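Q: Have a look at the structure that comes next, please.
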Amino acid sequence: MSVKIVPDALSEHLLGREFVYLVTHNGERSHVVALRPTINAATLRFEQTGRTPLANVVSNQLVTLTWAPCDEKYAHEHARYSVVADGVAVVDGEAIIVTVTNAVLHRPA
Numbered sequence: 001m002s003v004k005i006v007p008d009a010l011s012e013h014l015l016g017r018e019f020v021y022l023v024t025h026n027g028e029r030s031h032v033v034a035l036r037p038t039i040n041a042a043t044l045r046f047e048q049t050g051r052t053p054l055a056n057v058v059s060n061q062l063v064t065l066t067w068a069p070c071d072e073k074y075a076h077e078h079a080r081y082s083v084v085a086d087g088v089a090v091v092d093g094e095a096i097i098v099t100v101t102n103a104v105l106h107r108p109a
């Protein structure tokens, strides 16, 4: 089961989630990196991503973001859900900026 999240309200669902997996793709294979972005509504800024994510975003702006469920000390309503989001990314110098276009809370099967 998934619960839709309004992209501008994304940060409301991230309490207790220390990092996000940024998934980029170059047309042949995916690349995953765990990062801690700064968040402003539906816009996330990733610093120090490394060369591969930067190169992948230049060739393919569509990315996926995945936050794992919270650890057990967090007891809010959706703590056991993962957060999965799609977005459009651009390179800004050495940073990647992602605008989230779709997001869901996804519960374990």
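Residue 79 in our numbering sits at position 79 of the sequence shown, and the numbers go up by one each step.
Backbone N, C-alpha and C define an ideal beta-carbon position, used for all residues, glycine too.
Predicted model, so just to flag it, every value in this text is computed and none were measured.
Spatial neighbours of asparagine 60 within its chain, please: C-beta separation below 8 angstroms, excluding the five flanking residues on both sides.
A: Thr24, His25, Asn26, Gly27
Q: According to DSSP, simplified to helix, strand and coil, what is histidine 106?
A: strand
Q: In angstroms with no decimal places, state the Cα-to-Cα distance between glycine 87 and alanine 109.
A: 24 angstroms
Q: Candidates Thr43, Leu62, Gly16, Ala9: which alpha carbon is nearest alanine 68's?
A: Gly16
Q: What does DSSP give as the partner residues of histidine 31 in its beta bridges?
A: According to DSSP, histidine 31 bridges with Thr24.
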